[in-house]
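Student:
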Amino acid sequence: MRNLQGRLDLCSINTATLGHREPLSRTIDRIARAGFGGIAPWRREVDEADVVQIARQIKALDLTVTGYCRSTYLPATTSAEFAANVEANRAALRDAATLGARCFVMVVGGLPEGSRDLTSARNQVTEGIAMLLETARDCGVPLALEPLHPVYAADRAVLNTIAQALEICERVDNDRSGMIGVAVDVYHCWWDPALTASIEAAGRAERLLAYHVCDWLRETRDVLLDRGMMGDGVIDLPAVRQTIERAGYDGLIEVEIFSAQDWWRRDPEEVLAICAERLQSVC
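At position 57 of the sequence shown the residue is numbered 57 (full-length UniProt numbering), and the sequence of numbers has no breaks.
Below is the structure:
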């Protein structure tokens, strides 16, 4: 397992960790000044700016774009809505290419409004991903399927385990082109009894594209907006990183914390300093 002491160049900050409170250009500067090697910007922030100028700024500061967050949800109630969702993701992939992103993070979406048909929603996800794969190849940006905790199956992601994600990868890309894989976020997968085996399988298939860290608080108050800082919860972060690195992952470790009641209320410089300390001490 890599030693992170003095190696913030191996670490990345997802801009959601700072709560989207400042213009993206300022957030980029903060992350670079704090010594991190990477950044993962969100579409909502890029859409409010000039993607070409943002790409220039990131490149000038020698930051790696570890991922571009996130996809438009795929499942829809009509074929026209589904086609629009796919096209929105194609446009986002082109922006990801402009940014030089290592991957495009896909949070695939939950059940369409009023639907109870989980099988249909999952079939739409597979179909949409297959349609996007050609664009990903053209752009040179791999699709990183991010399974979300099952609590989000209704509204955010009907993709809920790494094993599910790998099944989709094999179905749409059985020649293992390198253009589709998984984003492993500990917040969403730490509970999975098959976690170690699934990470190992992803490694054998060379599909480990991203690794996100935070912590699951024992007394979580909000499953979306109350993630913990690394070391404040119950996840065995060193064990997970040891597993993923032994499986072949050698990319940056990305911090992604949604925390409306705590970390998003703190000074951004304090948040970055604590992220730096925890990455080197408890991850």
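Think of the CB as a built atom: it goes at the ideal place given N, C-alpha and C, for glycine as much as any other residue.
At the level of alpha carbons, what is the spacing between Ala-32 and Val-65?
Tutor: 12 angstroms
Student: Beta strand (DSSP E) containing Ile-253: first to last residue?
Tutor: Per DSSP, the continuous beta strand (DSSP E) segment holding Ile-253 begins and ends at 253-255.
Student: Determine the extent of the beta strand (DSSP E) in which Phe-104 is found, giving its start and end residues.
Tutor: 104-106
Student: Entirely within the stretch 5-66 and at least 3 residues each: give me those beta strand (DSSP E) ranges in chain order.
Tutor: 11-14 and 38-40
Student: Measure the Cβ-Cβ separation of Ala-247 and Leu-208 and say whether it is below 8 angstroms.
Tutor: yes
Student: Go ahead and label Asp-95 buried or exposed: buried means 16 or more other beta carbons lie within 10 angstroms of its beta carbon, across all protein chains shown.
Tutor: buried
Student: Helix, strand or coil for His-212, going by three-state DSSP, please let me know.
Tutor: For His-212, the secondary structure class from DSSP, reduced to helix, strand or coil, is strand.
Student: Under the rule that 16 or more other beta-carbon atoms within 10 Å means buried, what is Asn-160, buried or exposed?
Tutor: Buried: at least 16 other Cβ atoms inside 10 Å.
Student: Give the DSSP bridge partners of Tyr-68, in chain order.
Tutor: Phe-104
Student: Could you say which of Ser-71, Leu-18 and Ile-39 lies nearest to Ile-58 if we only look at CA atoms?
Tutor: The shortest C-alpha separation from Ile-58 is found at Ile-39.
Student: Helix, strand or coil for Gly-181, going by three-state DSSP, please let me know.
Tutor: strand
Student: Classify Gly-109 as helix, strand or coil using the three-state DSSP reduction.
Tutor: strand
Student: Using only the alpha-carbon positions, how far apart do Cys-103 and Glu-254 sit?
Tutor: 13 angstroms
Student: Which of the three DSSP states is assigned to Gly-140 in this structure?
Tutor: coil
Student: Whose C-beta lies closer than 7 angstroms to the C-beta of Ala-201 among residues of the same chain, with five residues either side of it excluded?
Tutor: Same-chain partners within the cutoff: Leu-166.
Student: Taking 8 angstroms as the cut-off, decide whether the C-beta atoms of His-212 and Glu-256 are in contact.
Tutor: yes
Student: Taking all protein chains shown into account, decide if Leu-24 is buried (16 or more other Cβ within 10 angstroms of its Cβ) or exposed.
Tutor: buried
Student: In the structure shown, what three-state DSSP assignment does Ser-259 receive?
Tutor: In the structure shown, Ser-259 sits in a strand (DSSP, three-state: E or B).
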